[in-house]
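Read top to bottom, the protein sequences are chains A and B. Residues are numbered in our numbering as their position in the first sequence, beginning at 1, plus a constant of 162. Residues are numbered in our numbering as their position in the second sequence, beginning at 1, plus a constant of 39. Written out below as structure tokens is the structure these notes cover.
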Amino acid sequence: MKKTSSKISGIAKILVIAAVLIIVPILSPNNYIQQIINLIGIYIILGTGINILTGYTGQLSLGQAAFFGIGAYTTALLNTRLGQQFFVCLIASILVTSFFGVVLAIPALKVKGPYLALLTQGFGEIVRIVMINWTPVTNGTAGILSIESPVIFGFAFDTLPKYYFLVVFFAILGLLYERSLINSRTGRAFIAIREDTDAAELTGINVTTYKIRAFVLSAVYCAVAGTLYAMMIQYVSPDTFISNTSSVILWTAIVGGFGTILGPIIGGIIMQVLPEILRFCGDWRLVVYGVILLIVILQCPGGLYPYLERFLRFLKSKVPANKSKSAAS
Amino acid sequence: MLVQQILNGLTNGSLYALMAVGVTMVYKSLGMLNFAHGDVMMIGTFICLTLINVGGLNVLVAIPLAVVCSAALGFCLERLVLRRVEFSSFVNLLIATVGVSYVLRNGAMVLFGTNPQKFPSIFSTTPLDIFGFKITPQSIGTICVSLALIIALHFFFTKVKIGKCMELASSNPESATMMGINVSLMRFMTFGISAGLACCAGVLIAPYTYARADMSATIGLKAFAAAILGGIGNLWGALLGGLILGVVEALGATYISSAYRDAFSFIVLFIVLFVKPTGLLNRKIENKL
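Here you go:
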């Protein structure tokens with residue numbers, strides 16, 4: 163009896179979330195806001211990727227923008243030069259970024275802590291320098307223009323509200339995969355490595371392969387986000403994939419709460435909406451943005467997710483109380 | 040040609056070394072790379088430039104003032120930001136420095152603009168002919184000043200009482216506390232000195248690269264690379280790493296490709312981290328359980 167009721171409430175929750183997600187593009191007044199909403203989705207995917215690598219496995223990365231960029235450029239090149247469609251681009255950019263994930267993971271296995279952060283940041287810089295200077299392929303600082311919007315099974319995702327559903331689909335897919343991953347053997351191994359690498363190794367976890375796996379997984383998330391980004395903005399340039407972007411991606415996960423599944427959602431929303439709210443600050447916008455984030459990190463080192471959890475628990479404790487009251491009256 | 044490039048490389052290398060020394064000092068006392076180090080350098084450079092252009096001060100007066108201002112900035116960072124996260128997780132400490140870097144960089148872009156600005160050099164730039172090689176007094180001056188600063192720092196840490204206290208406080212905080220040294224004050228001062236050094240480096244770099252708000256990112260990263268190459272926490276290692284990095288970069292830019300100039304130092308960093316993560320001058324630390 164209890165099981166069915168929890169199942170029903172579970173279904174109800176899913177329905178409510180689905181309804182909200184469907185209503186969002188209808189409510190969004192213009193393309194500008196819709197684009198921000200789509201970017202939130204893309205950043206949720208990026209945040210989930212870094213959450214697997216840093217939040218669960220404890221491997222700090224400041225070079226996520228490089229993977230994001232490699233994914234976006236792969237898609238852009240395949241689409242503009244070879245005329246390939248969405249799925250080919252997606253799979254190709256996943257393969258290419260996975261390859262670079264392994265390339266980065268191999269030196270990264272030897273180092274930890276600040277060294278790893280530095281290594282990943284250096285990787286990001288190398289990728290950016292190559293993007294700028296490898297003009298015959300990447301078109302230098304001008305970037306690659308006129309990427310086509312995707313057509314899937316004859317349905318064209320050519321407007322931002324339509325594109326929204328594509329982003330949402332991949333964001334949910336990514337979150338669900340992360341959830342099942344973390345509850346699996348692999349996820350437990352990741353957490354063990356984060357908590358104590360030596361102890362994990364002693365219990366028979368193959369730290370090397372699991373670390374490589376974490377790197378590749380986060381690279382795959384970045385590839386998906388990169389493909390979605392390239393096909394949505396229809397333009398890629400090296401300016402997007404700088405170290406500031408890496409910091410924003412890291413913050414997306416950290417503001418929401420590292421090592422929590424819902425954290426990147428909160429982070430994604432805050433990191434994208436906050437700069438828009440701060441538009442009244444004019445030129446000082448990004449400075450204020452940085453200061454606010456710094457305060458958040460200093461004041462709640464665990465991110466905002468614990469606060470949300472507490473709030474939800476508070477709501478839950480209120481609801482049954484109300485029910486019993488109404489039953490009594 | 041080769042010797043000429045090595046000379047150029049040494050000039051840049053001595054600057055990287057000066058930055059790397061600051062990084063190394065902070066790493067030793069905090070156990071953390073200060074990702075805002077490059078940005079402190081950039082802010083120091085701009086303060087100096089503002090003092091010269093707006094305040095109408097002489098360069099030689101403006102530089103010490105700018106160094107003092109950056110040291111104050113370093114003090115503020117330590118007090119206001121890093122001390123608060125010190126005892127929470129390592130990731131937060133790193134993120135805090137990255138956040139400071141973000142704020143400083145974007146703040147500089149608003150305050151000082153994004154255009155590169157010409158920075159006056161203390162030394163003359165007309166090249167001298169020495170044994171057929173062209174070398175400017177500017178690069179000789181740069182090398183000499185950097186070396187002098189690093190040597191002075193070495194004596195400060197080995198001969199002066201307060202320097203010795205700082206050295207002990209960062210290498211072994213527990214026994215330093217038992218000896219009655221105020222560890223947190225020492226850390227505070229380490230931060231200030233490191234920021235002051237960054238400003239010195241910035242003032243010397245800016246005549247070559249112009250003062251730009253985005254100069255911090257690459258130079259800061261190269262300073263890390265130099266510090267790690269030589270062996271972090273080691274003053275002479277930082278000097279050696281900086282010089283090697285400068286020469287490799289100059290030779291790479293000449294013989295391989297000048298467009299990828301900045302990439303060479305990061306490739307060197309990759310190789311060092313892969314082959315000998317402890318750096319050239321540090322012994323390998325066994326992983327104890």
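Ideal placement from N, C-alpha and C gives every residue a C-beta, glycine not left out.
Scanning chain A for C-beta atoms nearer than 7 Å to the C-beta of Phe129(B) yields Gly275, reported in chain order. For Ala256(B), the C-beta contacts it makes with chain A under 7 Å involve Ser405, in order along the chain. Close partners of Met71(B) in chain A (Cβ separation under 9 Å): Gly275 and Pro276. Cβ atoms of Val286(B) and Leu88(B) stay farther apart than 8 Å, at about 29 Å. By the rule that beta-carbons nearer than 7 Å mark a contact, Phe305(B) touches chain A. Here DSSP, grouped into helix, strand and coil, assigns Asp358(A) to coil. Counting along the chain, Ile174(B) sits inside the beta strand (DSSP E) bounded by residues Phe172 to Ile174. Here Val398(A) carries a strand assignment [DSSP, helix/strand/coil]. Cβ proximity to chain B below 8 Å picks out Ile416 and Phe420 from the region 416-428 of chain A. Around the C-beta of Thr371(A), fewer than 16 other C-beta atoms lie within 10 Å, and the residue is accordingly described as exposed. Listed in chain order, the non-local C-beta contacts of Ser346(A) below 7 Å within the same chain number zero, local neighbours out to five positions each way being set aside. In the structure shown, the three-state DSSP call for Val417(A) is helix. According to DSSP, Val313(A) shares a beta bridge with Ala318(A). Counted as a single uninterrupted DSSP element, the alpha helix (DSSP H) harbouring Leu41(B) occupies residues Leu41 to Leu69. For Ser296(B), the closest C-alpha among the options Trp296(A), Thr216(A), Gly263(A) and Phe262(A) is that of Trp296(A). The distance from the Cβ of Gln226(A) to that of Gly203(A) is about 16 Å, inconsistent with a contact at the 8 Å cut-off.
Residues of the region 281-293 of chain A with a C-beta atom less than 8 Å from some C-beta of chain B are Leu281, Gln283, Gly284, Phe285, Glu287, Ile288, Ile291 and Val292, listed in chain order. The region 446-460 of chain A makes contact with the region 137-152 of chain B: 3 or more CB pairs, one atom from each, lie closer than 8 Å. In the DSSP assignment, Asp168(B) falls within the beta strand (DSSP E) that extends over Leu167 to Ile169. Residue pairing by DSSP puts Gln156(B) in a beta bridge opposite Ala250(B). Between Tyr141(B) and chain A, the shortest Cβ-Cβ separation is below 7 Å. Contact between the region 190-199 of chain A and the region 313-324 of chain A is present: three or more C-beta pairs spanning the two stretches fall below 8 Å. The CB of Leu201(A) never comes closer than 8 Å to any CB in chain B; the least such distance is about 19 Å.
When rounded, the separation of the alpha-carbon atoms in Leu281(A) and Ala245(B) is 26 Å. At a Cβ-Cβ threshold of 7 Å, Thr219(A) and Cys384(A) do not count as neighbours. In this structure, Ile291(A) lies away from Thr303(A), with their beta-carbon atoms at least 7 Å apart. The bridge partners DSSP lists for Ile306(A) are Val398(A). Between Gly281(B) and Gly52(B), the gap from beta carbon to beta carbon is short of 7 Å. With a threshold of 16 other beta carbon atoms within 10 Å, Tyr299(B) meets it and is buried. Assigned with DSSP and collapsed to three states, Ala135(B) falls in helix. At a cut-off of 7 Å between beta-carbon atoms, Leu320(B) makes no contact with chain A. Secondary structure of Met218(B) (DSSP, three-state): coil.
Under the Cβ criterion (8 Å, minimum of three pairs), the region 266-284 of chain B counts as touching the region 56-63 of chain B. The CB of Ala265(B) never comes closer than 8 Å to any CB in chain A; the least such distance is about 12 Å.
Our two residues, Ile427(A) and Gly209(A), have alpha carbons roughly 8 Å apart in a direct line. Neighbours of Leu260(B) in chain A, taken as residues whose beta carbon is under 9 Å from its own, are Leu280, Gln283, Gly284, Glu287 and Ser405 in chain order.
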